[in-house]
Amino acid sequence: MKKVKIVYLPVLALITLMAFLSACKKFVDIAPPLTQAESSTVFSSDQTATSAAVGLYYQITASNLTYLNGAITVYTGLSSDELIDAGSNSTYDAFENNAIPSNLSAINSAFWSNAYKYIYQANAVIEGLNSSATLSKPVKDQLMGEMLFTRALNYFYLVNLFGDVPLETSTDYLVNGSMPRTAASKVYNQIINDLSTAETLLTASYASSVNTRPTEMAAAALLARVYLYQKDWINAETQASIVINSGSYNLETNLNNVFLATSSETIFQLARPANNTAEAIAFIPSSTSIKPTFAVRSSLLNAFTSGDNRKTSWLNGNTVNGTAYYYPYKYKQRVNNPVTEYNVVLRLAEVYLIRAEARAEQNNISGALADINLIRNRAGLANTSTSTSAALLNAIAVERQLELFAEWGHRWLDLKRTGAIDTVIGTAKSIVWKPTDALYPIPLAQIQLNPFLTQNSGY
Amino acid sequence: MKKTILFIVLATLCLFFKAVAQSTNIPPGQTITGKVTDDQGNPLPDATVKIKGTSEMAITDHNGLYKLGKISGQSILIASFIGYETQEVKATDGFNEIHLLVSHGKLDEVLIQAYGTTTKRLNTGDITKVSAADISSQPVSNVLAALEGRVPGMSITQTSGVPGSSFNVHIRGQSVLDNSLSNNDPLIIIDNVPFEQGIAPTNQLTSAANNPTSISSGGLSPLNNINPADIESVEVLKDADATAIYGSRGANGVILITTKKGKAGATKVNLMANSGLSNTGRMMPMLNTQQYIAMRKEAFANDGLTISSNPSDPGYAPDLTLWSTTRYTDFEKLLIGNTAHTNDFQGSISGGNINTQFMIAGGYQRQTTVYPGDFADGVASMHFSINHTSNDKRFTLQLTGMYSSDKNTMPSTDLTRYINLPPNLKLRDSTGNLTWQDNGVVYNTLGNGDIINPLSLLQQQYTSVNENLLGNLQLSYKILKNLVFRTSVGYNVFHSDETSLMPSISIDPNSGLLPSSSFANSVTKSWIIEPQLEYTRTTANDKLSILLGNTLQDKSGQTTSLYGSNYDSDLLLNSIAAAGNITASNDFVQYRYTAFFARINYNLKDKYIFNLTGRRDGSSRFAPDKQWANFGAAGAAWIFSSESFIKDNLPFLSFGKLRSSYGITGNDQIGDYKFLNLWTNTANTYNGLSGLYPQSLYNPNYSWEINKKLEIALDLGFLKDDILFSASWYSNRSDNQLISYSLPSQTGFFNVVKNFPGLVSNTGLELVLTTKNIHKKDFSWTTSFNITIPKNELLAFPGLSSSSYASQYVIGQSLHLIYALKYTGVDPQTGLYTFEDKNKDGQLTTADYQVLGNTDPKFYGGLQNNISYKQFDLSFFFEFRKQIGFSYLNQLATTPPGWIYNQPAIVESRWQQPGDHSSIQQFTSGYTNAYTAISYLSLSNGIYTDASYIRLKNVSLSYRLPAAWISKFHISNCRLFLQAQNLLTITKYVGSDPETQNLYVLPPLRTIVGGLQFNF
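Protein sequences appear in the order of chains A and B. Numbering of the first sequence is given in this note's numbering, commencing with residue 4 and proceeding in unit increments. Numbering of the second sequence is given in this note's numbering, commencing with residue 345 and proceeding in unit increments.
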């Protein structure tokens, strides 16, 4: 009797415990997290899909001096002949002296890593939109257009600053992690495709009047610029005309209003919830008695002719120890309250200059003059007196330098695409300029993590 | 006369024989009764009584009584009980009461193991015990500090000297490189309750405890909430046999912490108070203003530049031309030269009787910092335990609970970061206010933008309040003589509240920032239920025990953080509502875990022992079809010193055991919900619309990692166990580890949760030698020495050359290898650092990288000496480690000597002209060849140096007042003591401290305290 009990009980216990356990299988199935959304639910409704797209704009403007939020303006301004580092910050000096070490953290974080973070989100939204069956067509097209535009904008600057860059159109890290650099021509093709598709998907305007999300015109404006860079003069003119003829935008007559959030000239701008622009914080010194961090080069100051209102409206100066230091003053609001200025990405003045150049290249002198004079007149200058194509192109280049200074890297990119960079930088700066300095180095840390990446020559 | 003598002799002989006959006058086959008790007369139930040489045995009942049959005249009874010395007595025909004494031998002292107890003698696994005596002699606030160097195979390093800062703990090697990405922490169990916070830092906001050059390292340690004075013992479980029963949680070892319990007997009161001072340990002296100015001038001269006060000039040097060149602030002394005060008060009451025992204890410990200013870390704690056994000894109950609150205030950045500020930096203006500019030169435009007024950091206060509540109830009932049902229910809540303020007086007006505050809050709650069934069957020759159990655990965590910015004034900085702009975020996680486990232990004649353990785990951290896995281990031990051929031939060998174990354990410490593709809210809206962004890369395909552990060990005892020696060789292999796998940022992120395709091996040899050198009445001296010789190797990694780890790891080398350019010294002609261009292509690239050693410790361990002479006790402990580590040059890559930063005084020996031989290159002031050279230096092995050290970690001297003096006051024991921690470091290390290896992190502090202790 006792013997049976001794054997019997452990067996019974085992059975009880196993029964207990099988009921517990469900115990480790937990509910999805409360504070995050799973991808399939995000793209199942219009509202949340819009949040996923709009979240990208927030990410872009979240921190100062990052990729599309001031870094391009400031760092290319130093690299070209626009700005000097008035202090002796080592990062700024590196850009100013065109001697950027490949392990400079700004290259890795502010440029490269941020760019691909935004590209990833754009790709993720595109994939989510494509795989969803429950979104309404207008919203789906709208968001798809916005993301294609944003992706194109990211790749535009990547390819212009670094040259060949990995072209990623999916979120698969297994493919992206070992992708080598794609030829710049292929990247440009992708940009043009993306912008053209975006142009067809997007509509002309928004309910809100502050243009903080890309529209059909934004796609056209950027596409005009891309065609200009690719020397496709006909298409550049066509796209520029689409924007200009839409009648949605007008040049502001008062230069001080051009960069306000309410400006009628702005085609696309990025808003921040509680801060003014990163450029204002970077450029405007905190008091009138100290040197600004970035001072405008004398070569740029001297390029303004007398009577040019841009010199007085878009530049300001502090006098310290008897020396005057000028700094860019396009954005005028430094403190956080009230928010009156957004980060202007595309504006009408540039579109006019694109069309002027495209027309001049096609020998349409009168058409080019009409456009360039609009810009000149707005700045308080008389019409230009040039009449030949070559002289006109020169005048347009100068006009671009003065209209688009310290703004989204226009000077740096213009010098590169026109081939003038070697001579101009060589004379403007007292440094040893090598032609390979026209491209920024691929971050060393990324080359170490991706053995398929190669470095630009000269670094 | 002769007859009388003969008669007396015969009578005496008769009496003698009668006496002898009486004692042997047990008829063969007789049954005797008896009782087994301890030395106080308390009965010991479940003790074993055997007849020597036969297979007869009996187990005592709950009153300690037993009955044995088949006794014969010559029978010798052997009585034994775990934790007591075995006794042999001759059987008599009366009542055989046998008294057992508590064993003081190390081999028989009780060792806590998973779900039970064992002894060192009979253990088949590898468990090291550190007892309360070794912990209480150290003036530390964190139990991990008390364990450094004492447990072979366990490497503990302090991350910073800031009070409350965290520790890195690795048991038997680290399987992955970057601690901030993956979790290699051991499981911590306190009184049967898993301490879910573990070793991971508690803080969400940045504090001075975080590494200022890499804020994801360091942080506050949750174990600061566990009062070392409450700990009875810490058992560290290392091999598969000891840890496999914890299944997926045991891969990195297990630390069992057991708190003190009450004991039966008179009510005892224990009071302790100590007080002392701490100051910064080893630091590198920096240059004074004169030397600094000379360095700067030489730097510009080397670069061929004229010093100028014009910022557009390449020779722009505001510190030489626009600032005072005589002002001198010793920033090292100003920022970290303060003396910190420490106080500790502890008290406890304990007592009880045979059935019920209790203990209540409480304490308060406070230490201030070495920073100027009013910062302190204070921990208030209480602990209680109640044990109850029913009269029939069938039912036992154990309830333990602890609560503690740790309030820690400190600056939000470690001030050590700013010892490299120019020594002639102006800190206050003429009105006495803090200034951030001097003569029109704004500090934050200089250098790398990190020149600040360090006094402003003292106003940026960080406060953390951590509360821990832990309780455990263990009930057991003896259903049958052999069968016990036990259940353990535990609950743990850890709550952390942080505030970090940035008032306007601490803000550089040139930065444009407005006052801001951050608030963070987190709560982690977990409960665990473990019902178990244990069956034991003991016969004369063998003992079989089978344990079956089930675990159910639930953990939920909530974090909230608020960031308020754009405050108008400092007045209401503590109120989030007063902020101009508020961003907030919160998070909620849940983790569920369940398992079924079993252990079978078979002990044959106390000579051959076999142990089999197994566990089946399910965890919510994996995708639905990958949640379950099985783990297990087998261990065996042969106590060959009990074999007759050993006993006869090697009499000096009192103990000899050969043991081995092999098993599989797992790891699920990868964070929750990682298998889902999640989007999370942006911190703020975009133009009124809420925004989402992707949280991480999507990988649902990861699965359990597998760790295989093998151990072979030999334990020997000589001269009646006065000398104990133990050697263990272990080999652990990790396959498919779950890590945050590094990715290039072009993927959109920096890492993804993935199984590491590499096969990593950790092998090593652990040796422990304990000797009782002298053991006399008034003088005794014991020594204990332990050393671990570890080796780490990456055995295989398919696809290494095309992965993101291609320039980091090499197959066949350690994971912590130095794979870099080879540094070939400073060129005497050019004065620049030079490196080997291995492939002679004229460039220095990753193709020139060579394997140049590794940063694993070659060996480490400790040496403890305890000497007692009459009323005096002296103990001292040396910790030693041989390793290569980062030198101070690692911090100089972005601030080369000659730039606008102060340097360690050692740079005075730099190269100055062709022909000089030096280990420090020429000064430079900007982006020159010298800058390029020093950038390459950080990619070479030139930043590594010998970081070996011997540290006198602890010295404790105490004097026990003679009983005669104190007994009048009813005090049973009064002890005066002096204790010191980190008193002395012997090292050749070129840098601040060889343990923290970072010039900008506060090194471990040196502490001396004095105090007294009373027992009533």
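Where is the CB? At the ideal position from N, CA and C, for every residue including glycine.
By the neighbour-count criterion, in which a residue is buried when 16 or more other Cβ atoms sit within 10 angstroms of its Cβ, B:A981 is buried. At a cut-off of 9 Å between beta-carbon atoms, B:W1255 makes no contact with chain A.
Straight-line spacing of the CA atoms in A:Q458 and A:I450 works out to 8 Å. Contact note: B:T1029 reaches chain A through V57, Y61, P276, using a C-beta cutoff of 9 Å and chain order. When the alpha-carbon of A:N367 is set against those of A:A385, A:Y345, A:T391, A:G383, the nearest one is in A:T391. B:L801 and B:Y1046 have their C-alpha atoms spaced approximately 44 Å apart.
Looking at the DSSP output, B:Y1085 sits in a beta bridge with B:V1096.
Around B:K1332, the same chain offers D1290 as residues with beta carbons nearer than 6 Å, after the five sequence neighbours per side are excluded. According to the DSSP assignment, B:V380 belongs to the beta strand (DSSP E) that extends over 374-382. According to the DSSP assignment, A:V348 belongs to the beta strand (DSSP E) that extends over 346-350. The Cβ of A:L304 sits no closer than 9 Å to any Cβ of chain B. Interface residue (Cβ-Cβ distance to chain A less than 9 Å): B:A1164 is not classified as such. The contact set of A:P331 on chain B, defined by CB atoms closer than 7 Å, is empty, because the minimum CB distance reaches about 16 Å. B:K414 and B:H732 have their alpha carbons spaced roughly 37 Å apart. Using a Cβ-Cβ cut-off of 8 Å, A:M182 is close to Q1090 of chain B, given in chain order.
For B:G856, a Cβ of chain A is located within less than 9 Å of the residue's own Cβ. Ranking B:T807, B:K899, B:L531 by CA distance to the CA of B:G563 puts B:T807 first.
For B:V867, the secondary structure class from DSSP, reduced to helix, strand or coil, is strand. Counting the other Cβ atoms within 10 Å of the Cβ of B:F739 gives fewer than 16, which makes it exposed. Around B:K1001, the same chain offers A981, I983, D1059 as residues with beta carbons nearer than 6 Å, after the five sequence neighbours per side are excluded. For A:K189, the enclosing alpha helix (DSSP H) starts and ends at 187-204. For B:W982, the enclosing beta strand (DSSP E) has its first and last residue at 972-982.
Taking the Cα positions, B:K899 is about 52 Å away from A:S199. If the five residues before and after B:E441 are omitted, its C-beta is found closer than 7 Å to the C-beta atoms of G378, K379, T381, all from its own chain and listed in chain order.
Under the Cβ distance rule, A:K143 does not count among the residues neighbouring chain B, no pair being separated by less than 9 Å. For A:K140, the uninterrupted alpha helix (DSSP H) segment begins and ends at 140-165. Look at the region 110-123 of chain A: the residues with a C-beta under 9 Å from a C-beta of chain B are N111, S112, W115, S116, N117, A118, Y119, K120, Y121, I122, Y123. Excluding sequence positions up to five before and after B:V785, its CB lies within less than 7 Å of the CB of P662, L666, all in the same chain and listed in chain order. The straight-line gap separating the alpha-carbon atoms of B:V495 and B:K1064 is approximately 24 Å.
Fully contained in the region 1215-1303 of chain B are the following alpha helix (DSSP H) runs of length 4 or more, in chain order: 1273-1281. By the C-beta density criterion, B:L956 is buried, having at least 16 other C-beta atoms within 10 angstroms.
Check the Cα spacing between B:S1148 and each of A:L377, A:Y330, A:S267, A:P183: the tightest is with A:P183. Under the DSSP assignment, A:P331 falls in the beta strand (DSSP E) whose first and last residues are 326-331. Chain order gives the chain A residues near B:Q1039 as Q39, where near means a beta carbon separation below 8 Å. Rounded to the nearest whole angstrom, the CA to CA distance from A:N192 to A:Y334 is 34 Å. A Cβ of chain B is located within less than 9 Å of the beta carbon of A:G90.
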